[in-house]
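Note that the protein sequences, when read in sequence, are chains A and B. Our numbering puts the first residue of the first sequence at 1, with every later residue one more than the last. Our numbering puts the first residue of the second sequence at 1001, with every later residue one more than the last.
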Amino acid sequence: MEFLNAIILLLNYTIIPALTYGSQLALGAIFVTLIYGILRFANFATGDMMSFGTMFAVLLTYYFQSIGISFGVLPTALLTIPFAIFMMILYMLTIDKFVFSYYRVKKSPPVQLAMVSVGVMFVTQAIIRIIIGPGDKRFLDGEKFILKAIEFKEMTGFSEGLTVKSTQVITIVVTLIVVSIMFWFLNKTKTGTSMRAYSDNEDLALLSGIDPKKVVLITWVIAGILATIGGILYGLDKSYRPFVYFNNMLPIFAAAIVGGIGNPFGAFLGGYVIAFAEIFLTYAYKKFFVYLLPEALEPNSMVQLLSTDYKFAISFSILVLVLLFRPSGIFEGKKI
Amino acid sequence: MKQYSNVIAAYSVMITLIVLVGIFQSWSIALTILNYCLISAVMTMGANIQWGYAGLINFGIMGYTALGGLAVVLVSVAPVDEAWKVGGLNMIICIGIIIGMVFSIRYVLKKIEKSKKRNYIIAAIIIVGLLLLRLISTPAIESIESVEPAKTGFLGGLGMPVLFSWIVGGLFAGGLAYIIGKIALGLRADYLAIATLLIAEIVVSIIKHEEWLARGVKNVIGLKRPAPYEIDLQTSPWFIDLVKNFHSTKLDLINSVSERQDALSQLVINASSIYVKLCFSGLFLIVVIILLILTQKALYSPWGRKMRAIRDNEEAASAMGKNIVKEHLLIFILGSAVVGIAGAMMVTNDGLFTPGSYRPMRYTFVIWVMVIVGGTGNNFGAILGGFAVWFLWVQAAPIALFFINLLTSHLPETNEIKIHLINSAPYFRFLLVGIGLLVIMRYRPRGILPEKIIKQ
């Protein structure tokens, strides 16, 4: 009984939140890795592009709510996803046409493209702040909880409650669906294979008749889908604030590199590695040990490895360790 | 002379702009902008040493700036005796433990061959060290932070003159750069950018949350100044006389004695703030000129040529027997030290240390825009970039407001779009800086004042 209580405690405070946060990071990390693998630059506008897509979801949710459309128990924001994705892809393709394509055709070094993406980052941030402002926006509606702590206690008789928020389940389910469709597309379809070929060896891919324009287009489309969905899920789970999205770029980069940049599956797992590390290392285990150990051995401190202030620092330290010891990432990506 | 004509032209435009701000807004604002331009110029020179001379991309500028600021606190603030009494010894022991850990790991790395056993020993040293650190530091930190938490709650500094901290700031930043360089310099350019960005975030989060060190997010205010205080100036007779002489014709026009006295005291108050700012400008200008002379000398010395050779073709330079790893590390340290000096200058200018304000947007990306816009590899260009982009960054909101009002002048005051746009005027700075960067990268990829190679 005590043992099960301890497990439920961990589930409630670490595993479920980590799975949720990890899914959000994973979507962003795949976005980074796709851009890096196929378009060959580190996109510093990642966080702001996710923010840009989410902005439309927020605005449309408000609009839908004002005209009385809702999605029942599910958040209205899910209905807005297709429109938000459409706007996002439109924006990405515009940017690509006017900014990135020039450097791609000229075969500029990746650093130059990264620097250009910094410019895009500035512009995107400005547009977002001018349209929606820098403030905090909540756009979650519908049922908030699937399982409340009290209900769980009554149902099972455990003294430890388990809370499952609907956003957590939505995040995990949507991520799994999106990611599996994407991997099916990359591995099984002809277009997906041509994208992978282009990523592995551009010259050979061109020789075998792959149309680079099409590959670039499809990449931005997939990137737009991933960025928007990742952003919306994050916004539903926490809240939407442009500055937070910009900051999220950093753990997302960490996840992509830890997973081996250029390797989508690695990025997917990397997101969870970062999320679990962040949450496991900053959780105070006192109550957990109280359940498990006999009374005499109970700890009197918080048994917290690191203060929650260092949440971000953990993911970056992991990144530094990976760069030091396995520069191509845990799951083997492109050579550095 | 002719080869410097575009440099002179660009600088004249910049100075005219600042003078125009002085005439149309106020001289106090103009001097504030000038001071920040000078600080930005120092930061940009530091980044330019790394990117322009050696092609190293360093997105960790924020971290070095914060360390420079930390140096000001640690050097110039008076020590808090109470805190030292309750926890000083423990903290010194902790530093000893960290040094011990580093040396024992180095010893193990040297003495034992690469094996699983070595990894376990190193892991054991780290874990034992961390546990010891935790045990010794936790009670000490608690007692230090409880010493008058509203006012101090930290160890304080050394109580030395604040100008000395500029040098210490440079040393701190150089030391950090040594560590980062050892870790990350082998990486490819864009990985180096990400790694340095993230390491800088770690540094800032440590400064933010270790309150015993420099009060963290509670900020340190009232730092020492290398310039006189306004209050002192306003009461010192020589300064009042100076203001009186300077404005004598204006004051003579006022007949009533009491009115003249009021006018004079108002003038003295204004003049004192301008005088203080001028003192800072003078100090900053000296730093900029010294750095400019040094960097120019370095750029056109055999060492500078070697750096350019390494930047342009690493393999060839390596074949000629140049030690690329060593040179890269050296230039990484030098550039970061310059940025550290700038960080210390900035905190001295503000008179307060606010770790919460160190954000990558303002302290990494804007500085990089300065480097690229100004001209990579050209010190005059770097300084110009610092001036131009900072000027744009500060004046973007007024400029945007002017254009919004112009374009929406036909709309009524209550129009929602107009109100929304006017409220979002501050964000147009991101737009202007971003578009500026994109345009320069596209049409003048080597910056406003491109690198010049003098052939001998």
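The beta-carbon is built from N, C-alpha and C at its ideal position, and this holds for glycine as well.
Beta carbon of residue i nearer than 8 Å to that of residue j
i              : j              : result
residue 1385/B : residue 1343/B : no
residue 75/A   : residue 141/A  : yes
residue 193/A  : residue 218/A  : no
residue 1065/B : residue 1346/B : yes
residue 271/A  : residue 29/A   : yes
residue 275/A  : residue 13/A   : no
residue 305/A  : residue 324/A  : no
residue 1010/B : residue 1018/B : no
residue 1381/B : residue 1330/B : no
residue 1433/B : residue 1366/B : yes
residue 145/A  : residue 250/A  : no
residue 1348/B : residue 1225/B : yes
residue 126/A  : residue 1428/B : yes
residue 233/A  : residue 24/A   : yes
residue 1299/B : residue 1053/B : yes
residue 1390/B : residue 1037/B : yes
residue 85/A   : residue 225/A  : yes
residue 5/A    : residue 285/A  : no
Per-residue DSSP class, three states only, for residue i
i              : result
residue 284/A  : strand
residue 137/A  : strand
residue 304/A  : strand
residue 1010/B : helix
residue 165/A  : strand
residue 1220/B : strand
residue 240/A  : strand
residue 1352/B : strand
residue 74/A   : strand
residue 1025/B : coil
residue 1148/B : coil
residue 325/A  : helix
residue 1062/B : helix
residue 1452/B : coil
residue 335/A  : For residue 335/A, the predicted model reports a pLDDT of 40, less than 50, meaning its position is unreliable; a value from the coordinates is still stated below. Reduced to three states, the DSSP call for residue 335/A is coil.
residue 159/A  : coil
residue 1358/B : coil
residue 18/A   : helix
residue 189/A  : coil
residue 1158/B : coil
residue 201/A  : coil
residue 1412/B : coil
residue 1344/B : helix
Enclosing alpha helix (DSSP H) for residue i [first to last residue]
i              : result
residue 1233/B : 1230-1235
residue 1/A    : Premise fails: residue 1/A is in no alpha helix (DSSP H) and is neither H nor E.
residue 1251/B : 1248-1252
residue 309/A  : Per DSSP, residue 309/A belongs to no alpha helix (DSSP H) and is neither H nor E.
residue 1402/B : 1379-1407
residue 65/A   : 46-67
residue 1421/B : 1416-1423
residue 1084/B : Run containing residue 1084/B: none; DSSP gives neither H nor E here.
residue 1209/B : 1189-1209
residue 1436/B : 1428-1443
residue 1051/B : First-last for residue 1051/B: undefined, no H or E at that position.
The beta strand (DSSP E) enclosing residue i, as first and last residue numbers
i              : result
residue 1112/B : Looking at the DSSP string, residue 1112/B is not in any beta strand (DSSP E), and its letter there is neither H nor E.
residue 145/A  : 145-147
Assumed close pair residue i, residue j - CB separation to whole angstroms, cut-off 8 Å
i              : j              : result
residue 1141/B : residue 1155/B : So it is not a contact: roughly 10 Å between Cβ atoms.
residue 1281/B : residue 1035/B : 6 Å
residue 164/A  : residue 186/A  : Wrong, their Cβ atoms sit about 31 Å apart, outside the cutoff.
residue 88/A   : residue 228/A  : 5 Å
residue 1174/B : residue 1333/B : 5 Å
residue 114/A  : residue 52/A   : With 8 Å as the limit, residue 114/A and residue 52/A do not qualify as a contact, their Cβ atoms being about 19 Å apart.
residue 124/A  : residue 211/A  : Contact doesn't hold; Cβ gap of about 28 Å is too wide.
residue 1063/B : residue 1176/B : 7 Å
residue 1341/B : residue 1027/B : Between residue 1027/B and residue 1341/B the Cβ distance is about 27 Å, and since that is not below 8 Å, they are no contact.
residue 1401/B : residue 1425/B : 5 Å
Any non-hydrogen atom of the ligand NAP within 7 Å of residue i CB
i            : result
residue 11/A : Here there are no bound small molecules, and the ligand NAP is not part of this structure.
Completely contained alpha helix (DSSP H) runs for the stretch 206-281 of chain A, where each covers 4 or more residues: 212-237 and 242-258
Complete runs of the alpha helix (DSSP H) confined to the stretch 85-124 of chain A [at least 4 residues]: 101-105
Runs of beta strand (DSSP E) lying entirely within the stretch 1258-1330 of chain B, each at least 3 residues, in chain order: none
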